[in-house]
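**Q**
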Amino acid sequence: MPTGELRPPSHLSAPPPPPTGPPTPTAAAAAATSDDEDCLWAQIKAEARRDAEAEPALASYLYSTILSHSSLKRSLAFHLGNKLCSSTLLSTLLYDLFLNTFSSDASLCAAAVADLRAARVRDPACVSFSHCLLNYKGFLACQAHRVAHKLWMQSRRPLALALQSRVSDVFAVDIHPAARIGKGVLFDHATGVVVGETAVIGNNVSILHHVTLGGTGKASGDRHPKIGDGVLIGAGATILGNVSIGEGAKVGAGSVVLIDVPPRTTAVGNPARLVGGKETPSKHEECPGESMDHTSFISGWSDYII
1 MPTGELRPPS HLSAPPPPPT GPPTPTAAAA AATSDDEDCL WAQIKAEARR DAEAEPALAS
61 YLYSTILSHS SLKRSLAFHL GNKLCSSTLL STLLYDLFLN TFSSDASLCA AAVADLRAAR
121 VRDPACVSFS HCLLNYKGFL ACQAHRVAHK LWMQSRRPLA LALQSRVSDV FAVDIHPAAR
181 IGKGVLFDHA TGVVVGETAV IGNNVSILHH VTLGGTGKAS GDRHPKIGDG VLIGAGATIL
241 GNVSIGEGAK VGAGSVVLID VPPRTTAVGN PARLVGGKET PSKHEECPGE SMDHTSFISG
301 WSDYII
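In full-length UniProt numbering, the protein residues as written are 1 to 306.
#1: Touch check for the stretch 89-96 and the stretch 39-56: three-plus C-beta pairs under 8 angstroms?
#2: Please list the terminal residues of the continuous alpha helix (DSSP H) segment that includes T101.
#3: Mind checking which residues open and close the beta strand (DSSP E) that includes V275?
#4: Sorted by chain position, which residues of the same chain lie with C-beta nearer than 6 angstroms to L108's C-beta, five sequence neighbours on each side aside?
#5: What does S282 pair with, by DSSP beta-bridge criteria?
#6: Per the DSSP calculation, V170 is bridged to which residue(s)?
#7: Are the Cβ atoms of L232 and G289 separated by less than 8 angstroms?
#8: Report yes if the C-beta distance between E37 and V113 is below 8 angstroms; otherwise report no.
#9: Helix or strand or just coil, what does DSSP make of T295?
#10: Comparing alpha-carbon positions, which option in S168, A148, H209, C132 lies nearest residue 307?
#11: Can you give me the Cβ contacts of P19 inside the same chain, cut-off strictly under 6 angstroms, excluding the 5 residues immediately before and after it?
#12: Does the separation of the CB atoms of L159 and F139 fall below 8 angstroms?
#13: First and last residue of the alpha helix (DSSP H) that includes L213?
#14: My output table needs one value for V261: the three-state DSSP class, helix, strand or coil.
#15: Measuring only between beta-carbons, confirm whether A112 sits less than 8 angstroms from chain E.
#16: Suppose contacts are defined by Cβ-Cβ distances below 8 angstroms. Is K250 in contact with T266 by that definition?
#17: Please report the residue range of the beta strand (DSSP E) in which A267 lies.
#18: Along the chain, where does the alpha helix (DSSP H) that runs through L133 open and close?
#19: How is T88 classed by DSSP in three states: helix, strand or coil?
#20: State the DSSP-derived secondary structure class of T238, mapped to helix, strand or coil.
#21: Any heavy atom of the ligand PLP inside 7 angstroms of the beta-carbon of R74?
#22: Taking 8 angstroms as the cut-off, does the stretch 261-276 touch the stretch 200-211 (at least 3 CB pairs, one atom from each stretch)?
#23: Quick one: residues in its chain with C-beta nearer than 6 angstroms to the C-beta of S168, no 5 flanking neighbours on either side, listed in chain order?
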């Protein structure tokens, strides 16, 4: 059976009719999330049409991945299925797996929408939402991980681990399916990112390439880092052990962190030290995971010159 491009199955059931009567708070939140997804999907399709007209060589690709689909979840399931398939793990099987998982848990699509918006806002190289959806392997690896994590929590662990292996092979991003990841997360470039089994990543976090959230090799059980909301982790940083990186903290590129980092502080170096000193560390007000400010601390901390 071929493993190339596929068309979504036509036999999938239609969505249930909308509920009658005034919405509950939970239903209202779900409706708002759905409206946000629909609005973003309309923009993605408009971008794809524009690109297809400007570059006819991409028209067939854009039609099969975006324009032929009725929703973001279907497009994403189709695209991930084709990216991650192999001669023995068929694209049709993966399409059904991704679509059924996205359809059964609205929070997964809400997280995908938040991740798309994070990439578009924070990365100046991201020229459109459709560009991120199709080409950002950090985004794609994160969405595949969310499905693998769902499988892990359902005790479908062999399939979750098989999916992790394919993501590692295809995207060079290795996230254990048990790891927990929030929404609005940006894996920028993403090559070489490693996230261990008991790691936790909060909301609105930005992580650059070659970052390791690993264990020390001496512990078992809960042994990986816990990354708070709004954290920025620079390229090549290594954080080892069951340590806490506080909300809104910043870890400089190439740093090695082995102990907790307080909220709103900056840790740099190998071994990492707090800017301003351990007793009275300098604190910042902005959310570095959203501002992507990697270097402003240098002028107040170092006599670095060239």
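Ideal placement from N, C-alpha and C gives every residue a C-beta, glycine not left out. All of these numbers come straight from a predicted model, not from anything done at the bench.
**A** With the structure as the only source:
#1: no
#2: Counting along the chain, the unbroken alpha helix (DSSP H) around T101 starts and ends at 91-104.
#3: Here V275 belongs to no beta strand (DSSP E), and DSSP marks it neither H nor E.
#4: Once the five neighbours on either side are set aside, the close Cβ partners of L108 are F102, R146.
#5: DSSP output for S282 lists no bridge partner at all.
#6: The partner list for V170 (beta bridge, DSSP) is empty, contrary to what the question assumes.
#7: yes
#8: yes
#9: coil
#10: No answer is possible for residue 307: it lies beyond the span of the chain, which begins at 1 and ends at 306.
#11: Only weak support exists for where P19 lies, its pLDDT of 44 falling under 50; the coordinates are left without a value.
#12: No; because the gap between Cβ atoms is not below 8 angstroms, this pair is not in contact.
#13: Unbroken run through L213 is the beta strand (DSSP E), 212-214; no alpha helix (DSSP H).
#14: strand
#15: No chain E is part of this structure, which consists of one protein chain only.
#16: Annotated as proximal: K250 and T266, with beta-carbon spacing under 8 angstroms.
#17: 266-268
#18: 129-135
#19: In this structure, T88 counts as coil in the three-state DSSP scheme.
#20: strand
#21: For the structure depicted, the ligand PLP is absent and the ligand set is empty, with no information on it obtainable.
#22: no
#23: D174
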